[in-house]
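Just so we're aligned, residue 9 is where the sequence shown starts under this note's numbering, counting upward by one. In this text, a Cβ means the ideal position worked out from N, Cα and C, and glycines have one as well. Take a look at the structure set out below.
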Amino acid sequence: MTEVAKDGTLTVDQKLTKMDRVLKIPPTASAHDLARALGVSSTAIKKTGWWETQRKGRQDECAGKREQQLREKGKAWENPAPDD
């Protein structure tokens, strides 16, 4: 992994793609985390094709799933009895 990150002949997009193939980059890894690992800016990460296909819009998707889970949980919630 460090060889890929330090390879000066590869673009940031190529580095991310290779790293993701070898060891799946977890969805929890932010652009900031990846930028720090590769020694570039988070803007450079967000401008790659890899980011566009793998990450862009995923935050909205996760937020939507979380909202749905909370709505389902809310349906099952009951007010406590007044004597509790």
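Euclidean distance between Cα positions of Gln62 and Thr51: On the sequence shown, residue 62 is found 54 positions in, with the first residue counted as 1. On the sequence shown, residue 51 is found 43 positions in, with the first residue counted as 1. Computed Cα separation, rounded: 15 Å.
Residue of Gln77, Glu11, Glu75, Glu60 minimising C-alpha distance to Ala45: Against the sequence shown, residue 45 aligns to sequence position 37. For the residues Gln77, Glu11, Glu75, Glu60, the minimum Cα distance to Ala45 belongs to Glu11.
Range covered by the alpha helix (DSSP H) that runs through Ser50: Residue numbering aside, residue 50 sits at position 42 when the sequence shown is read from its first letter. Ser50 -> alpha helix (DSSP H) spans 50 to 54.
For Glu60, the first and last residue of its enclosing alpha helix (DSSP H): Locating residue 60 in the sequence shown gives position 52, where the first residue counts as 1. Here the alpha helix (DSSP H) through Glu60 covers 57 to 62.
Reduced DSSP category for Gly47 - H, G, I as helix; E, B as strand; rest coil: As a working mapping, residue 47 is identified with position 39 in the sequence shown. Gly47 falls in the coil class under three-state DSSP.
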